[in-house]
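S.K.: Here the protein sequences line up with chains G and W, keeping their order.
The numbering of the first sequence is this note's numbering, which starts it at 1 and goes up by one.
The numbering of the second sequence is this note's numbering, which starts it at 232 and goes up by one.
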Amino acid sequence: MSELLEISKLSAGYGPLRVLHEIDLTVRAGERLGLVGLNGHGKTTLIRALTHMTGWQQGSIKFEGDEIGGSRSLGAGRRTPALVKRGIGVAPQGDAIFPGLSVRKHLECGAYTRSAWRERRDRIDGVFDIFPPLRPLEHALVGKLSGGERRMVSIGRMLMTEAKLYLIDEPSLGLAPKISASVMEALWALPVTGAMIIAEQNVSLLTGRTDRMIGLHAGRLRGDVGHVELA
Amino acid sequence: MDLGLIVYALNLGAIYALMAVGISILWSSVGIINMSHGATFAVSGYAAWLVTGAVKPLVAATFGKTVLASTLMAGTLVASALITGALCGVIIYLLAFLPIHDKPNFQVRALIITLGLNIASVQGLLWMFGPRNRGLPKIFGFGRWEVWGTKIRFDQAGTIVGAAVIMGLTLAWLRYSRRGLEVRAMMQNAEGAAYSGISRQVTALPVLMLTGALAGMAAALLSQTIFVSPTAGVIPLVKGLTIALLGGLGSVPGALIGALLVGFLEAIVGAIPYLGQRYVLFATFLFIIAVLIIRPRGIGGLLDDTRE
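1) G:Thr45 and G:Val19: beta carbons closer than 7 Å?
2) Go through its chain and collect everything with a Cβ distance to G:Leu230's Cβ below 8 Å, but skip five positions before and after it.
3) Under the rule that 16 or more other beta-carbon atoms within 10 Å means buried, what is W:Met359, buried or exposed?
4) If the cut is a Cβ gap below 8 Å, which residues of chain W does G:Tyr112 touch?
5) Do the CB positions of W:Thr345 and W:Ala317 come within less than 7 Å of each other?
6) Does the structure place the segment 482-497 of chain W close enough to the segment 513-530 of chain W that three or more beta carbon pairs sit under 8 Å?
7) At 3 residues or longer, and completely inside the segment 289-335 of chain W: list those beta strand (DSSP E) runs for me, N to C.
8) Within a Cβ cutoff of 8 Å, which residues of the same chain sit near W:Ala395, ignoring the five residues on either side of it in sequence?
9) CB-CB under 7 Å to W:Val298, same chain, minus the five flanking residues each way: which ones, in chain order?
10) If the cut-off is 8 Å on Cβ atoms, which residues from the segment 65-87 of chain G count as contacting chain W, listed in chain order?
11) By Cβ distance below 6 Å, which residues in the same chain neighbour W:Leu468 in space, the five residues on each side in sequence not counted?
12) Should W:Ser408 go down as buried or exposed, given a rule of 16 or more other Cβ atoms within 10 Å for buried?
13) Tell me the DSSP secondary structure of W:Trp258 in three-state form.
14) Assign W:Val274 to buried or exposed, taking buried as 16 or more other Cβ atoms, counted over all protein chains shown, within 10 Å of its Cβ.
15) Output, in chain order, the set of chain W residues within a Cβ distance shorter than 7 Å of G:Ile7.
16) How is W:Phe458 classed by DSSP in three states: helix, strand or coil?
17) Please name the residue in G:Gly87, G:Thr193, G:Ala199 and G:Arg104 whose C-alpha comes closest to that of G:His139.
18) Give the C-beta separation of W:Ile530 and W:Gly479 to the nearest angstrom, bearing in mind that I take them to be a contact with Cβ-Cβ under 8 Å.
19) Count the CB pairs spanning the segment 376-388 of chain W and the segment 347-364 of chain W that are closer than 8 Å, and state whether there are at least three.
20) Give me the Cβ distance between G:Leu187 and G:Pro171, rounded to the nearest whole Å; I'm assuming they're in contact under 8 Å.
21) For the beta strand (DSSP E) that W:Val522 lies in, which residues bound it at each end?
22) Using a Cβ-Cβ cut-off of 6 Å (strictly less than) and excluding sequence neighbours within five positions of W:Ile264, which residues of its own chain qualify?
23) W:Trp376: buried (16+ other C-beta within 10 angstroms of its C-beta) or exposed?
24) Please go through the same chain and pick out, in chain order, the residues whose beta-carbon is closer than 8 Å to the beta-carbon of G:Lys85, but skip the five residues on each side of it.
25) If the cut-off is 7 Å on Cβ atoms, which residues from the segment 411-422 of chain W count as contacting chain G, listed in chain order?
26) Within the 7 Å Cβ cut-off, does G:Gly13 reach chain W?
27) Quick one: give me the first and last residue of the beta strand (DSSP E) that G:Gly34 is part of.
28) My output table needs one value for G:Ser17: the three-state DSSP class, helix, strand or coil.
29) State yes or no: is the beta carbon of W:Thr537 nearer than 7 Å to at least one beta carbon in chain G?
30) Tell me whether the segment 238-256 of chain W and the segment 288-302 of chain W touch, counting them as touching only if at least three CB pairs, one residue from each stretch, are closer than 8 Å.
31) Under 6 Å Cβ to Cβ from G:Met152, same chain only, skipping five residues before and after it: list those, please.
32) Do you know whose CA, among W:Leu533, W:Tyr239 and W:Val414, lies nearest W:Leu453's CA?
33) Between the alpha carbons of G:Ala307 and W:Ser260, how many angstroms are there, rounded?
34) Taking only three categories from DSSP, how would you classify W:Val438?
35) Report the residue ranges of all alpha helix (DSSP H) runs contained in full by the segment 134-162 of chain G; include only those spanning at least 4 residues, in chain order.
36) Using the C-alpha atoms, what's the distance from W:Phe518 back to W:Gly284?
Okay, structure coming up:
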């Protein structure tokens, strides 16, 4: 398999705070990578750095051989839309939903490429097939949905176009165990061809499902964790 | 309350709504509190005055005093004000958004730049045209209708209808077009919008042009009732900003309702004996302060039962 993402010496943070310390990481095309670690050890910052959402960052990020990283101390989020259009789909932590838009309008927002916009009806139908609870809520405002339904909307928005790399930040955060299990099942069943990086605290949710698991501790990678078996 | 008072209130409310909705949309989507909205208003009024002054003899020579001629003049006036408003939006984009939008404290810097633009353009207008008021051609004519014993002036009716049409078009654009969807997404969650491939740099330009055109429309309509002068934009700016706050910054329905409420409040206070026009501003601000103390999220907070 070819290398989709090559990160080398990536540091990132917010203001005087350095969260990531010279990280090196390679992700192959089609690979499912689990990113595990405790709260506040840099999982979210790594995902945000890949889309230029951190306060500052430095170091090389190569996506399909093109440099998308570099040094930057300002302009958080400025390059994000371009990177998303380049083929990085994101389901951010906290969902970043639009509370006053309906589920359908929400999913339409995700169809930012020309071809996806043309086929948006079929694609929305596809998302409803993946997350059946959303179908009857099509015209409901997302701000009135439950946490699990919001997570599905957020992931559904990410799936409206075919990305080459999906970044999913804590898909189980704040959900009841039963609901988070069903969200994870839907994730594993996705018919996507792109690579996937899933940040998660709950190692048992990833065990046996990802190709590789990497630990993140105090802003440094702790090597391949392997498949941790938990009771 | 008689019909004349209601029409007067709606007339005020229509102008305020055009200003407040523009300020509200711009603030919540792009993040600029546009202090030069008043300048856009005044510059659009002067541009409409210049263009109609230049076109008038031409139209009069070609069509005489026909209905076609007056329709053409009306179209020229509204179009020139709308286009100038949108062009002012482009200038604000180039000066107060593009150079600083990814720098720290963007919102404070943008506030200061637009405030500077406002002062500079008011002085520029004074320098170029002098302090004299200018009257624009009356596109709705001078007549009045008798409805149930009350006289309604054409300019009042025309202002209400014109503002309603342009507001309706704006809301439909926000609701049904793809760009409008992007603007609404940006208003509700900037981060989610970025992850949906919506670029603030790209979307800010149409938003600034739209809100500028709304201010231009307000100028064209208000010029039917009062004169255009270099400082004509100050009161609409202040009213627009405070009503946008009253509506809950970022809530379009809140701004609309707030504009109508303030319009009615001003009309009623102005009509009460012993109070009259001199207490209008006082009553307006008292009302807005009272609402914001009781409901800090403004009227929009009452309408909105969703959560972040």
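Each residue gets a CB set at the ideal place from its N, CA and C atoms; glycine is no exception.
M.R.: Looking at the atomic coordinates:
1) Along the first sequence, one-based indexing puts residue 45 of chain G at 45. Along the first sequence, one-based indexing puts residue 19 of chain G at 19. Taking C-beta atoms as the reference points, G:Thr45 and G:Val19 count as a pair closer than 7 Å.
2) To locate residue 230 of chain G, count along the first sequence from 1; it is residue 230. Only weak support exists for where G:Leu230 lies, its pLDDT of 46 falling under 50; the coordinates are left without a value.
3) Position 128 of the second sequence, counted from the first residue, corresponds to residue 359 of chain W. By the 16-neighbour rule on beta-carbons within 10 angstroms, W:Met359 is exposed.
4) Looking up residue 112 of chain G in the first sequence gives position 112. Using a Cβ-Cβ cut-off of 8 Å, G:Tyr112 is close to Ser427, Gly428 and Ile429 of chain W, given in chain order.
5) Counting from 1 along the second sequence, the entry for residue 345 of chain W is found at position 114. Counting from 1 along the second sequence, the entry for residue 317 of chain W is found at position 86. No; because the gap between Cβ atoms is not below 7 Å, this pair is not in contact.
6) Short answer: they touch.
7) Inside the segment 289-335 of chain W, DSSP marks no whole beta strand (DSSP E) run of 3 or more residues.
8) The residue you call residue 395 of chain W lines up with position 164 of the second sequence. The beta carbon of W:Ala395 sits closer than 8 Å to the beta carbons of Ala245 from its chain, once the five residues preceding and following it are set aside; these are given in chain order.
9) For this step, residue 298 of chain W is matched to residue 67 along the second sequence. Nothing meets the Cβ criterion.
10) In summary, the residues of the segment 65-87 of chain G whose CB is separated from some CB of chain W by less than 8 Å are Leu74, Gly75, Ala76, Gly77, Arg78, Thr80, Pro81, Ala82, Val84 and Lys85, in the order they occur in the chain.
11) Taking the first residue of the second sequence as 1, we reach residue 468 of chain W at position 237. The residues are His268 and Gly269.
12) Reading the second sequence from its first residue, position 177 is the one you call residue 408 of chain W. Note on W:Ser408: under 16 other CB atoms within 10 angstroms of its CB, so exposed under the neighbour-count rule.
13) As a working note, residue 258 of chain W is residue 27 in the second sequence. Note: W:Trp258 maps to helix in three-state DSSP.
14) By one-based count along the second sequence, residue 274 of chain W stands at place 43. Looking at its Cβ environment, which holds 16 or more other Cβ atoms inside 10 Å, W:Val274 is buried.
15) Taking the first sequence and counting its residues from 1, one reaches residue 7 of chain G at position 7. Within 7 Å Cβ-Cβ: nothing; G:Ile7 doesn't reach chain W, min ~20 Å.
16) By one-based count along the second sequence, residue 458 of chain W stands at place 227. Correct three-state label for W:Phe458: coil.
17) The residue you call residue 139 of chain G lines up with position 139 of the first sequence. Nearest neighbour of G:His139 by Cα position, chosen from G:Gly87, G:Thr193, G:Ala199 and G:Arg104, turns out to be G:Arg104.
18) Translated into positions along the second sequence, residue 530 of chain W becomes position 299. Translated into positions along the second sequence, residue 479 of chain W becomes position 248. By a beta-carbon distance limit of 8 Å, W:Ile530 contacts W:Gly479. Their separation comes to about 6 Å.
19) Counting Cβ pairs under 8 Å, fewer than three are found: no touch.
20) For the purposes of this step, residue 187 of chain G is taken as the residue at position 187 of the first sequence. For the purposes of this step, residue 171 of chain G is taken as the residue at position 171 of the first sequence. About 6 Å separates the CB atoms of G:Leu187 and G:Pro171; that is less than 8 Å, so the two are in contact.
21) As a first step, residue 522 of chain W is located in the second sequence; it is residue number 291 there, counting from the start. Careful: W:Val522 lies outside any beta strand (DSSP E), inside the alpha helix (DSSP H) at Val511 to Ile525.
22) Position 33 of the second sequence holds residue 264 of chain W. Once the five neighbours on either side are set aside, the close Cβ partners of W:Ile264 are Trp258 and Leu342.
23) For this step, residue 376 of chain W is matched to residue 145 along the second sequence. Under this definition W:Trp376 is an exposed residue.
24) Reading the first sequence from its first residue, position 85 is the one you call residue 85 of chain G. Once the five neighbours on either side are set aside, the close Cβ partners of G:Lys85 are Tyr112 and Thr113.
25) Residues of the segment 411-422 of chain W that bring their beta carbon within less than 7 Å of a beta carbon in chain G comprise Leu412, Arg415, Ala416, Gln419, Asn420 and Glu422, in sequence order.
26) Locating residue 13 of chain G in the first sequence gives position 13, where the first residue counts as 1. Cβ-Cβ to chain W under 7 Å: no for G:Gly13.
27) Translated into positions along the first sequence, residue 34 of chain G becomes position 34. First-last of the beta strand (DSSP E) with G:Gly34: Arg32 to Val36.
28) Here residue 17 of chain G refers to the residue found at position 17 when the first sequence is read from its first residue. A small correction: the amino acid at residue 17 of chain G is Leu; Ser does not occupy that position in the sequence shown. Here G:Leu17 sits in strand by DSSP.
29) Residue mapping note: residue 537 of chain W aligns to position 306 of the second sequence, counting from 1. Yes - at least one Cβ of chain G is within 7 Å of the one on W:Thr537.
30) No contact exists between the segment 238-256 of chain W and the segment 288-302 of chain W.
31) Counting from 1 along the first sequence, the entry for residue 152 of chain G is found at position 152. Exclusion of the five residues before and after G:Met152 leaves Phe131 and Leu134 as the residues of its chain whose Cβ lies within less than 6 Å of its Cβ.
32) As a first step, residue 453 of chain W is located in the second sequence; it is residue number 222 there, counting from the start. Of W:Leu533, W:Tyr239 and W:Val414, the residue nearest in Cα terms is W:Tyr239.
33) For residue 307 of chain G there is no data in the structure shown, the boundaries of chain G being 1 and 231.
34) Counting from 1 along the second sequence, the entry for residue 438 of chain W is found at position 207. When DSSP states are grouped into helix, strand and coil, W:Val438 belongs to the helix group.
35) Whole alpha helix (DSSP H) segments, 4+ residues: 147-158.
36) Position 53 of the second sequence, counted from the start, is the residue given in the question as residue 284 of chain W. Position 287 of the second sequence, counted from the start, is the residue given in the question as residue 518 of chain W. Roughly 41 Å separates the two Cα atoms.
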